[in-house]
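Residue numbers (this note's numbering), protein chains in the order written: chain A, 164 to 397; chain B, 37 to 512.
Glycine is no exception: its CB is placed at the ideal position from the N, C-alpha and C atoms.
Because the structure is a prediction, the values reported are computed rather than measured.
Worksheet: one structure, shown below.
The following block contains the structure:
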């Protein structure tokens, strides 16, 4: 996509000006910032890995869904053929097995979809691709943009993630406790997909914290942001 | 003061929405934040119960378990693959040669290829980029004016929005609670009108300003006869195959739109393999783009649901509904107002935000006025299409800018788009005053009318034996 993003190296630091900030010595401050930036790198690389999982889920879900449709409409033809040709017996057995688990395959589609969204969301935040209304944002300076992101993360993103975790976590626990099953015959166990919700929002909150630290460091001239905002393609 | 806030919670919340969104923080979180912020006040003032937000879990579950939303990644993935698999090149090359001798021939070719690509894929970026990369240099080389070139490519790329299997129509069908199949059938007529309008405009241009759209000189027509036919078929046959795979299976009721999208994606992978353009990086890039777009869109939906849940809770739906249904001019007044509103708001919001935030507010009012929601949806879809083209924020123009040679001025892209925006507006007006253009095809494709089905249950010959449970067991 695009491919023209500014890929600055992380952790580029300007020499620290002495006596600019009272209280903490510049050296100590540098150490704190370094530690915090290490923390953000850990979060970033974790969410990147989840992003890779989410990316592969796209292809998997696609193949599964296409397969589901193809098998469902080809099934009768195969069953008819299977009566006449002995060598197709294995196939008919396979179809029988598929038939018994069809609901599991159908439900796996939207489990994957959930994974795509909730595991991929934090990575999308990292690469700054959540769409914005850039009427105002497009006109202001880089510094103002950083401030917008700081305020937005503290007032919008973090509270929302916390509230959503607060509501979805007990919901998962309940599902886990009663070992909730799908209401469709042969469907899947429900708790994994319900677990994905609080986990996804927690990852999002972590990524929010990481972005927060990076932007604070950028304000102090200790970090260059990797991703500028571009409207995503549709 | 408190009394005022209590009484006007819904309008205040709407104003809050505008303010929060304008700040420029990612829309998904701004939306959810408006919801939570006003939920806090709503609970304080006793407008909604303290456990009201607990409904959020059900809303979330409704989003992730919605099969229809799966169409978003599938169609996006399909578009990402098609964009780079060489199909558009083949089509443009051959159809351009076919129409070449006519004045404006290359423009017609772009429009037709835009329509064909539109009938295969559901995403605008794929069409505009694929067509722009190939057509811009060719058209400029043979003396087409820059503005006309930019306009026709941007406009033809956005035809995708309206022609089934458009992703926009899937999302709108979901939001309006109508079947995707009907929505697609309803969009057939308007798509045809749109292509006709575009072609008519090219014809007008070639009559009034022939220098803008010259015919191809003889030496540029390298193919003719059999080789041209072969080349055309190489583009057209796989296209028809894909169109059948996606649209045919939906209209015949063989596959759900989601499954059709998945099959289309697999089909486009196969096509790319056939054209020898299928590489690992291509597929992975497509997957990664798709994942990010899907996550972004569904997060907007999560935000929008949080907003609408609270908005509904503080009486917003009633407020909007009474306001919209009391507009002067009845149905037409409502439609004109709504379309102007959507046209303006489309400058600032992108399509998914409009579909998830604005449409749920408008739909109940439209329904109450007795407006056919399919017609309404197709109308909105045709309208939103302009948002891809209006300067300076239109997406299609952004894509064009990113691929046009530096010699093309940005102002040329903007000016070039304007006549086509007007054509779109004409289309919207036609649809408002001629609803049959939408409903005609729905009736055509509906072979079974559920009202005429009569189920005869044969009388039983022998009466059922009387029920006898015996004496109730004696209580101990």
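Annotation: the continuous alpha helix (DSSP H) that includes residue 462 (chain B) extends over 446-469. Going by DSSP, residue 337 (chain A) is part of the alpha helix (DSSP H) stretching over 321-340. Straight-line spacing of the CA atoms in residue 326 (chain B) and residue 387 (chain B) works out to 17 Å.
With respect to the C-alpha of residue 460 (chain B), the residue from B:424, B:398 and B:318 having the closest C-alpha is B:424. With a threshold of 16 other beta carbon atoms within 10 Å, residue 373 (chain A) meets it and is buried. Of all C-beta pairs linking the stretch 104-113 of chain B to the stretch 333-342 of chain A, fewer than three are shorter than 8 Å, placing the two stretches out of contact. Taking CB atoms only, residue 395 (chain B) has no neighbour in chain A less than 9 Å away. Contact with chain A is absent for residue 220 (chain B), since none of that chain's Cβ atoms lies less than 9 Å from the residue's Cβ. Under the three-state reduction of DSSP output, residue 174 (chain B) falls in the helix class. Cβ proximity to chain B below 8 Å picks out 286, 287, 288, 290, 292, 293, 294, 295, 296, 297, 298, 299 and 300 from the stretch 286-300 of chain A.
In its chain, beyond the 5 residues on either side, 199 and 279 have a beta carbon closer than 6 Å to the beta carbon of residue 155 (chain B). Comparing alpha-carbon positions, the option among B:225, B:437 and B:467 lying closest to residue 164 (chain B) turns out to be B:437. Taking a C-beta distance under 9 Å as the contact criterion, residue 204 (chain A) and residue 309 (chain A) do not qualify as a contact pair.
Not a single C-beta of chain B is nearer than 9 Å to the C-beta of residue 355 (chain A). Residue contact check for residue 225 (chain A) against chain B: a CB pair falls below 9 Å. Inter-residue distance for residue 172 (chain B) and residue 218 (chain A) is about 33 Å (C-alpha atoms, whole angstroms). For residue 95 (chain B), the uninterrupted alpha helix (DSSP H) run begins and ends at 91-100, by DSSP. Straight across, the Cα-Cα distance linking residue 357 (chain B) with residue 340 (chain B) is about 18 Å. In this structure, the beta-carbon distance from residue 65 (chain B) to residue 259 (chain A) does not fall below 9 Å. Leaving aside the five residues that flank residue 220 (chain A) on each side, the residues in its chain whose CB is nearer than 7 Å to its CB run, in chain order, 275, 278 and 279.
DSSP, reduced to helix, strand and coil, places residue 352 (chain A) within a strand of the structure shown. The Cβ atoms of residue 48 (chain B) and residue 346 (chain B) do not sit closer than 9 Å to each other.
Residue 376 (chain A) does not reach chain B, its nearest Cβ partner there being about 17 Å away, counting only Cβ pairs nearer than 7 Å. Neighbours of residue 326 (chain B) in chain A, taken as residues at a C-beta separation under 7 Å, are given in chain order as 221.
Under the DSSP assignment, residue 184 (chain B) falls in the alpha helix (DSSP H) whose first and last residues are 182-194.
In this structure, the beta-carbon distance from residue 68 (chain B) to residue 285 (chain B) does not fall below 9 Å.
In the DSSP assignment, residue 434 (chain B) falls within the alpha helix (DSSP H) that extends over 431-439. By the C-beta density criterion, residue 431 (chain B) is buried, having at least 16 other C-beta atoms within 10 angstroms.
Residue burial is scored here from C-beta neighbours: residue 303 (chain A) has fewer than 16 other C-beta atoms within 10 angstroms and is therefore classed as exposed.
Between residue 145 (chain B) and residue 132 (chain B), the gap from beta carbon to beta carbon is short of 9 Å. For residue 57 (chain B), the nearest beta carbon of chain A is closer than 9 Å to its own beta carbon. Residue 450 (chain B) has a beta carbon lying at 9 Å or more from every beta carbon in chain A. In the DSSP annotation of this structure, the continuous segment of the alpha helix (DSSP H) that includes residue 308 (chain B) starts and ends at 293-310. The beta carbon of residue 69 (chain B) falls within 9 Å of a beta carbon belonging to chain A, placing the residue at that interface.
As the crow flies, the alpha-carbon of residue 294 (chain B) is around 33 Å from that of residue 186 (chain B).
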